[in-house]
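J.: Pasting in a structure now, in structure tokens, and then I'll have a few things to ask.
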Amino acid sequence: MEITLDSKFTTEGNKKLSIDSFELIKVLGKGSFGKVMLVKKRGGDGTLFAMKTLRKAALIKRNQLLHTATERNILQNIQHPFLVNLIYAFQSEDKLYMVLDYMGGGELFFWLKKHRRFSEPRAQLMGAEITLALGALHANNIIYRDLKPENILVDLEGHIRLTDFGLSKDGITGPGAEGGTKTFCGTPEYLAPEILDNKGHGKSVDWWSFGTLLYEMLCGLPPFYDTNIQKMYHKILCAPLRFPSYLSDESKTILRGLLQRKVEERLGSGPGGTDEIKSADFFKSLDFDRVMAKEYTPEFKPPAGRSETDATNFDAEFTSERAVDSVVTSHMSETAKEKSNFKGFTYQNEGAMES
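Below you can see the structure in the form of structure tokens.
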């Protein structure tokens with residue numbers, strides 16, 4: 024089986040890209056299928072990138088080939104100020120490589136853990152940027168399905184970008200089960216009730232997850248959090264929504280709207296879609312055209328560190344590791360190699376700086 028992807032570019036000029044085209048600087052994070060490293064292109068202008076490496080054998084074992092193809096196509100086809108950009112993509116016999124924007128402020132998760140909760144103005148601007156990012160995906164009939172602090176990156180000015188589209192699904196036309204999908208996937212704290220009920224789901228699952236994330240930014244924990252996952256699922260389905268006393272009426276109103284269990288009553292699920300979110304009183308102090316243009320100054324600006332390559336806003340557990348392209352020890356069968364033949368995977372962004 025071959026996985027074919029949309030492709031505009033197959034080479035960088037006449038020179039084939041490989042791991043040797045890049046200087047590996049630091050490890051930024053690790054996942055089930057590989058790792059993310061801070062890199063820069065040899066002979067380039069010094070621009071820093073985040074390189075995501077994926078082991079083909081691990082993708083095949085976990086049936087993730089189609090998810091990876093979807094992620095690669097979304098990254099290529101949708102350019103947006105609040106979505107991470109794909110700059111290059113290439114492959115070796117054993118691995119896939121995606122070279123993305125480097126966001127020096129690290130993950131939103133890092134800052135939530137450090138600051139516990141955010142002020143309302145800080146949550147408003149971040150929430151507005153996330154709303155525009157989700158709206159861009161929905162306008163292209165894509166649901167994100169994995170909105171969580173770990174998948175939101177922050178730049179050194181304090182603006183955000185969504186990353187990791189491995190659970191995204193394209194071809195989704197409606198807010199609910201009609202024109203939707205039934206796959207059970209996502210991160211437990213942020214799962215919408217209709218995913219747990221296995222009734223089918225559409226774009227509105229992203230608005231539930233957004234409500235959960237917004238609650239977490241304002242209050243410090245997701246609204247139905249429990250250390251026992253089954254109890255947490257029960258709370259998502261049945262528990263009343265409670266608010267701390269310090270929340271403003273505008274915050275409570277948007278959270279009630281986003282965390283409606285009935286899809287048809289959820290904010291963002293009506294004919295207005297994303298515009299329903301944008302018109303909420305919670306965002307009344309913001310002009311969304313100015314948000315899109317990044318004309319507002321974020322309340323918090325991550326520290327730049329002593330040098331641009333010290334990755335001070337990433338977990339030291341990873342950055343202390345030596346950055347190497349690890350040797351793959353488990354070799355794939357010929358059948359697996361055929362399965363992992365990603366036709367058209369190689370890519371160069373038209374806007375990427377040429378050396």
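Using the numbering used here, the first residue of the sequence shown is number 24, and each one after it goes up by one.
Yeah, the Cβ is synthetic: ideal placement off N, Cα and C, and Gly gets one too.
Remember, predicted model here, so these are calculated numbers, not experimental data.
For Ala112, write down the residues that DSSP places opposite it in a beta bridge.
T.: In the DSSP output, where bridge partners are listed per residue, Ala112 has Met121, Tyr370.
J.: Please say whether Lys58 and Leu119 have beta carbons closer to each other than 8 Å?
T.: no
J.: Have a look at Leu40 and Phe323 and give me their C-alpha separation to the nearest angstrom.
T.: 37 Å
J.: Assuming Gly243 and Arg139 form a contact by the criterion Cβ under 8 Å, report the distance between their Cβ atoms to the nearest whole angstrom.
T.: 5 Å
J.: Hey, quick one: how far does the beta strand (DSSP E) through Ala334 stretch, first residue to last?
T.: No beta strand (DSSP E) holds Ala334; DSSP gives it neither H nor E.
J.: For Gly181, which residues in the same chain have their Cβ closer than 6 Å to its Cβ, ignoring the five residues on either side in sequence?
T.: Pro321, Phe323, Lys324
J.: Looking at the strands, I want to know which residues DSSP matches up with Phe72.
T.: Val62, Asp124
J.: Is the separation between the beta-carbon of Leu237 and that of Leu281 shorter than 8 Å?
T.: yes
J.: Once DSSP output is grouped into helix, strand and coil, what is the label at Leu47?
T.: strand
J.: Going straight from the alpha carbon of Ala200 to that of Leu82, what length do you get?
T.: Because Ala200 sits at a pLDDT of 48, beneath the cut-off of 50, its placement in the model cannot be relied upon, and the following sentence gives the value as read from the coordinates. Each residue's Cα considered, the two are about 28 Å apart.
J.: Quick check on the DSSP output: what are the complete alpha helix (DSSP H) runs of length 4 or more inside the stretch 272-306, in order along the chain?
T.: 272-281, 297-301
J.: By the three-class DSSP mapping on this structure, what secondary structure does His138 have?
T.: Of the three classes helix, strand and coil, the one that applies to His138 here is helix, per DSSP.
J.: By how many angstroms is the C-alpha of Gly223 removed from the C-alpha of Leu109?
T.: 30 Å
J.: Based on the DSSP output, what are the partners of Arg78 in its beta bridges?
T.: Lys118
J.: From Gly158 to Asp43, what distance separates their C-alpha atoms?
T.: 37 Å
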